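Asker:
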Amino acid sequence: MMRALGLVVLFLIACAGVLLVYVRQHGFSARAKPSAVETFLARKVRSLATPAGVKAMRNPLSPTPLNVAEGRDHFADHCAICHANDGSGKTMINEGLYPPAPDLRDRDTQQLSDGELLSIIKNGIRFTGMPGWGGEDNENWKLVLFVRHLPELSDKELELMKEVNGLDTPAAHHGTHQKE
Amino acid sequence: MKLLGVAIMVLVPIVALGHEARLHRGKPTEGEVASVQGDHLSLKTAAGSVPVTLTDETKVERESQQATRADLAPGTHVAVFGTKLPTGELVAREIVIEGGAHHGSKATP
């Protein structure tokens, strides 16, 4: 038993040594992309760190054209600099973030509950580039509505966002988007 | 280190203030009131006619003083802050009357 434990400890020390040598030779770059394992673990930790009561929260606002449009203007004003107007995350800043912001139109984001999205907007995500914006819940719920609307964003809406922030949308945007 | 301290002192208030909803004024749509019908205005701008909707929360101001909807007579030059819907409709959050009624002034989209 003690022998097996000793072997495990030796193995872990050897792994740490290899990691140390690798890091000292190659260093870290925020331009690198996180591995699938790292991404998986980080999402699990974020999920565990979100209180159950928050996850269960439902958006009290209905997706009226005005609520969605107000969320759109807010997103254009504060979020698009990193996330891009279409939510794709194809921006100069995001390319240098570790971990980068995900494509908000993808399933990984869209399957989060309303409460989880609100919590991320309000409290941010530690050890990432996502700040906790705080702010009024009413405004943040409109942002949640807009994040839900991103997969169906129209060219006209992108044009209106450009009026607000002057940002061009990556050429890849073509209407409805929903990746698995 | 000192530079970092200064940067934090400058940036933190900017980020905090930047999220205040009251500061989301955006760019105004300027033009001349062409017609008024209840809660709806038609605004004549350089880019054409823009339908404007007033809500219960719409504020009307003239020279930083509160004004009333009755002040929005045809011919009045205004700057409208609000949210544009994809349909082209502008939902007004704040309408600023610019120096009283006059005609033929410059209008921007």
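So the sequence lines, in the order shown, correspond to chains A and B. Take 1293 as the starting number for the first sequence in my numbering and just add one per residue. Take 349 as the starting number for the second sequence in my numbering and just add one per residue. Just so it is clear, CB atoms sit at the ideal spot from N, CA and C, and this is done for glycine as well. None of the values given here were measured: they were computed from a predicted structure.
Grab me the residues of residue 1376 of chain A's own chain with a C-beta within less than 8 Å of its C-beta, minus the 5 sequence neighbours each way, in chain order.
Answerer: Correct list, in chain order: 1382, 1383, 1386, 1459, 1461, 1462.
Asker: What residue from B:422, B:447, B:406 has the CA that sits closest to residue 430 of chain B's CA?
Answerer: B:406
Asker: Is the CB of residue 1310 of chain A under 8 Å away from at least one CB in chain B?
Answerer: no
Asker: Under three-state DSSP, which class holds residue 412 of chain B?
Answerer: coil
Asker: Using a Cβ distance threshold of 8 Å, determine whether the stretch 388-404 of chain B contacts the stretch 1328-1341 of chain A, with at least three qualifying pairs required.
Answerer: no
Asker: Using alpha carbons as the reference points, say which of A:1368, A:1405, A:1413 lies closest to residue 1455 of chain A.
Answerer: The shortest C-alpha separation from residue 1455 of chain A is found at A:1368.
Asker: Here's the rule I'm using: 16 or more other beta-carbon atoms within 10 Å means buried, otherwise exposed. How should residue 1298 of chain A be labelled?
Answerer: exposed
Asker: Is the beta carbon of residue 393 of chain B less than 8 Å from the beta carbon of residue 379 of chain B?
Answerer: yes
Asker: How would you call residue 1441 of chain A, buried or exposed, if buried means at least 16 neighbouring beta carbons within 10 angstroms?
Answerer: buried
Asker: Would residue 432 of chain B count as contacting chain A if we go by Cβ distances under 8 Å?
Answerer: yes
Asker: So, does the CB of residue 1405 of chain A fall closer than 8 Å to a CB anywhere in chain B?
Answerer: no
Asker: For residue 439 of chain B and residue 1378 of chain A, I'd like the C-alpha separation in whole angstroms.
Answerer: 23 Å
Asker: According to DSSP, residue 401 of chain B sits in a beta bridge with which residue or residues?
Answerer: B:388, B:439
Asker: Apply the 10 Å Cβ neighbour rule to residue 441 of chain B and answer buried if 16 or more other Cβ atoms are within range, or exposed otherwise.
Answerer: buried
Asker: Shorter than 8 Å from the beta carbon of residue 1442 of chain A to some beta carbon of chain B?
Answerer: By this cut-off, residue 1442 of chain A is not an interface position.
Asker: Could you run through the stretch 1452-1464 of chain A and flag, in chain order, every residue whose CB is less than 8 Å away from some CB of chain C?
Answerer: Among the protein chains of the structure shown, namely A and B, there is no chain C.
Asker: Considering residue 1414 of chain A, what are the terminal residues of the beta strand (DSSP E) in which it resides?
Answerer: Note, residue 1414 of chain A: premise wrong, no beta strand (DSSP E); alpha helix (DSSP H) at 1406-1415.
Asker: Name, in chain order, the residues that DSSP records as bridge partners for residue 430 of chain B.
Answerer: B:440
Asker: So, is the C-beta of residue 1446 of chain A closer than 8 Å to a C-beta in chain B?
Answerer: Yes, because at least one Cβ of chain B sits closer than 8 Å to the Cβ of residue 1446 of chain A.
Asker: Taking 8 Å as the cut-off, decide whether the C-beta atoms of residue 411 of chain B and residue 426 of chain B are in contact.
Answerer: no
Asker: Taking 8 Å as the CB-CB limit, is residue 1358 of chain A close to chain B?
Answerer: yes
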